[in-house]
Amino acid sequence: MSFRIQIFAVCGSLLISAFIFELIRKRKMLEKYSLLWFCAAVVLIVLSVWRDLLEKTAALLGVFYAPSALFIIAAFFAMMMFLHLSVVVSRLTEQNKNLAQEVGILQEELRHLRQNSGTRE
Amino acid sequence: MEFMDELRKRLVIVPAFNEEKSIGQVVDDILGSGLELDVVVIDDGSQDRSGEIARAHGARVIKLPFNLGIGGAVQTGLKFALRHGYDVAIQIDGDGQHVPSEIPHLLAPLKGREADVVIGSRYLGARHYRTPFMRRLGMIVISAVNSILIGQRITDNTSGFRAFNRRAIEFLSNHYPVDYPEPEAVVILGRNGFRLKESAVKMRQRLAGESSINSLGAVYYMVKVLLAVVVDVFKTYPKVG
Numbered sequence: 016m017s018f019r020i021q022i023f024a025v026c027g028s029l030l031i032s033a034f035i036f037e038l039i040r041k042r043k044m045l046e047k048y049s050l051l052w053f054c055a056a057v058v059l060i061v062l063s064v065w066r067d068l069l070e071k072t073a074a075l076l077g078v079f080y081a082p083s084a085l086f087i088i089a090a091f092f093a094m095m096m097f098l099h100l101s102v103v104v105s106r107l108t109e110q111n112k113n114l115a116q117e118v119g120i121l122q123e124e125l126r127h128l129r130q131n132s133g134t135r136e
Numbered sequence: 464m465e466f467m468d469e470l471r472k473r474l475v476i477v478p479a480f481n482e483e484k485s486i487g488q489v490v491d492d493i494l495g496s497g498l499e500l501d502v503v504v505i506d507d508g509s510q511d512r513s514g515e516i517a518r519a520h521g522a523r524v525i526k527l528p529f530n531l532g533i534g535g536a537v538q539t540g541l542k543f544a545l546r547h548g549y550d551v552a553i554q555i556d557g558d559g560q561h562v563p564s565e566i567p568h569l570l571a572p573l574k575g576r577e578a579d580v581v582i583g584s585r586y587l588g589a590r591h592y593r594t595p596f597m598r599r600l601g602m603i604v605i606s607a608v609n610s611i612l613i614g615q616r617i618t619d620n621t622s623g624f625r626a627f628n629r630r631a632i633e634f635l636s637n638h639y640p641v642d643y644p645e646p647e648a649v650v651i652l653g654r655n656g657f658r659l660k661e662s663a664v665k666m667r668q669r670l671a672g673e674s675s676i677n678s679l680g681a682v683y684y685m686v687k688v689l690l691a692v693v694v695d696v697f698k699t700y701p702k703v704g
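Respectively, the protein sequence lines represent chains A and B.
Just remember that my numbering sits 15 ahead of the position in the first sequence, which is counted from 1.
Just remember that my numbering sits 463 ahead of the position in the second sequence, which is counted from 1.
And the structure:
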């Protein structure tokens, strides 16, 4: 792996980590959703700094050109992230639906109660 | 007989999305059916005056803050039924294609404790109902697949004219399918130990509005439903008593 690629890889990983940290610090992302991102960043930093490990991992995966292994690993994390987000969105959709139903029911019950007790709305 | 007094508290759930042309008549027909029915209209985020009109005609109206789709709307009614201790919930479309005077056909199997859920079928028995060919074909395929999945033949899987007993109300309040609610509910109920039964009912052509399934999309609809019901088979739900 050329020195230049290594520099890029390390800088890129550090940049992502800093950005994630900043998002959490400003409370724009909840910690529980950042865990996967942090794992990805740490793995990528370690692999780009520790050349030997990357070479070995690449050999293990059957990848001849070691830096390509970085892409594969990054792509794997991206895929995990998409799946994770789909799960989160599904949960939010379900919760949102339940809340909407609850609001509708409560409004009608309130209206009914007020009507029966003769209170003006 | 004690038997006669059972299932006295009955709620009719009418999901309505922009049905101002027909909803008043539907509510009148239900309240005028002489069947001791309460009515709740679920206004599923309509942009027209469906909710106001239904209320003016004497129905209770739950206005959803935004459109949830037919599944979410019906489930709202079932949650309401559960909370207010209804023995039976009857689902009926807001577009006027179901005839409230047919409701006794849905109630009979519940009273006789032959079923937990009764589906009003257009296709069962001698009663004739015209359906465009492609749509009819799609219905036949869905019916065949559902029948295999639940081991019982249901002829009208997309009928939105149904009655549920207390046990079914409780289950569906928590697990109502939202993608293709009618055919999916058949599979989910059938596979979770609920007894289904169909009753022949007559249905009218719609007073207003369009079917959610147009004829061009019939095949596409069929494929999507089949995928959904097959996935439903693998979903797990907590056991109900």
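The beta carbon of each residue, even a glycine, is placed where N, CA and C say it ideally should be.
What you are looking at is a predicted structure, and each value in this text was computed from that prediction instead of being measured.
Given residue i as reference, the closest of the options once Cα atoms are compared
i	options	result
B/Ile555	B/Phe480, B/Phe634, B/Val608 and B/Tyr684	B/Phe480
B/Ile516	B/Asp491, B/Phe543, B/Val551 and B/Leu690	B/Asp491
A/Asp67	A/Ala56, A/Trp52, A/Cys54 and A/Leu85	A/Leu85
B/Arg654	B/Asp579, B/Asn637 and B/Gly614	B/Gly614
A/Gln21	A/Trp52, A/Leu59, A/Phe53 and A/Leu38	A/Leu59
B/Asp619	B/Arg523, B/Asn609 and B/Asn628	B/Asn609
A/Ser83	A/Val102, A/Met95 and A/Glu70	A/Glu70
B/Pro572	B/His561, B/Val551 and B/Ser564	B/Val551
B/Leu470	B/Gly497, B/Arg523 and B/Gly548	B/Gly548
A/Ser17	A/Val64, A/Val104 and A/Arg129	A/Val64
B/Leu570	B/Val650, B/Glu482 and B/Leu498	B/Leu498
B/Val693	B/Asp642, B/Gly623 and B/Gly495	B/Asp642
B/Leu612	B/Ala522, B/Phe697, B/Asp511 and B/Phe596	B/Phe697
B/Ser496	B/Val562, B/Gly623, B/Phe596 and B/Gly588	B/Val562
B/Gly521	B/Ile493, B/Leu690 and B/Gln510	B/Ile493
A/Val103	A/Phe91, A/Ala74 and A/Ser49	A/Ser49
B/Asn637	A/Leu38, A/Ser132, A/Gln122 and A/Glu109	A/Glu109
Chain A contact for residue i (CB, 8 Å cutoff)
i	result
B/Gln413	Only positions 464 to 704 of chain B appear in this structure, which leaves residue 413 of chain B out of reach.
B/Val502	no
B/Phe596	no
B/Met464	With a pLDDT of only 40 at B/Met464, under the threshold of 50, the placement of this residue in the model should not be trusted; the figure read from the coordinates follows. It does not; no Cβ of chain A falls within 8 Å.
B/Arg512	no
B/Ile476	no
B/Arg473	no
B/Leu527	yes
B/Glu482	no
B/Lys698	no
B/Phe624	no
B/Lys542	yes
B/Leu531	yes
B/Gly557	no
B/Val524	yes
B/Gly548	no
B/Gly521	no
B/Gly535	yes
Minimum Cβ-Cβ distance from residue i to chain B less than 8 Å
i	result
A/Gly133	no
A/Val103	no
A/Glu136	A caution first: A/Glu136 carries a pLDDT of 48, below 50, which makes its placement in the model too unreliable to give a value.
A/Gly119	yes
A/Glu123	yes
A/Gln116	yes
A/Lys112	yes
A/His127	yes
A/Arg66	no
8 Å CB neighbourhood of residue i in its chain, flanking five on each side removed
i	result
B/Asp507	Pro478, Ala479, Phe480, Leu527, Asn530, Leu531, Gly532, Ile533, Gly535 and Ala536
B/Glu577	Arg658 and Lys660
B/Phe634	Leu652, Asn655, Phe657, Tyr700 and Val703
A/Met96	Leu51, Trp52 and Ala55
A/Phe23	none
A/Ser28	Ala56, Leu59, Ile60 and Ser63
A/Glu136	Any answer about A/Glu136 is weak, because its pLDDT of 48 lies below 50 and its placement is not dependable; what the coordinates show is given next. Once the five neighbours on either side are set aside, the close Cβ partners of A/Glu136 are Arg126 and Arg129.
Nonlocal neighbours in the same chain, by C-beta distance under 6 Å from residue i, ignoring five residues either side
i	result
B/Asp501	Leu474
B/His568	Ser662 and Val664
B/Glu565	Val664
A/Glu124	none
B/Ile632	Leu541, Ala544, Leu545 and Ala552
C-beta contact flag for residue i and residue j at 8 Å
i	j	result
B/Gly583	B/Arg625	yes
B/Val688	B/Ile605	yes
B/Arg630	B/Asp579	yes
B/Ile647	B/Thr621	First, the amino acid is wrong: residue 647 of chain B is Glu here, not Ile. Their beta carbons are not under 8 Å apart, which means B/Glu647 does not touch B/Thr621 by this criterion.
B/Tyr639	B/Leu545	no
A/Leu62	A/Ile35	no
B/Lys594	A/Gly119	According to the sequence shown, residue 594 of chain B is Thr rather than Lys. Their beta carbons are not under 8 Å apart, which means B/Thr594 does not touch A/Gly119 by this criterion.
B/Leu681	B/Arg598	What sits at residue 681 of chain B in the sequence shown is Ala, not Leu. Against a cut-off of 8 Å, the Cβ pair of B/Arg598 and B/Ala681 comes out as a contact.
B/Asp581	B/Ile617	For clarity, residue 581 of chain B is Val in the given sequence; the question names Asp instead. Result no, Cβ atoms of B/Val581 and B/Ile617 do not sit closer than 8 Å.
B/Glu483	B/Arg523	no
Beta-carbon contacts of residue i that lie in its chain and below 7 Å, excluding the five residues immediately before and after
i	result
B/Met464	Residue placement at B/Met464 cannot be trusted, given a pLDDT of 40 that sits under 50; what the coordinates show is reported in the next sentence. The answer is none, since no qualifying residue turns up.
A/His99	Leu51
Just to confirm the assignment: which complete alpha helix (DSSP H) runs, minimum length 4, are found wholly within the stretch 606-668 of chain B?
629-637 and 644-654
Length at least 3, wholly inside the stretch 522-598 of chain B: the beta strand (DSSP E) runs in chain order:
523-526, 551-554 and 580-584
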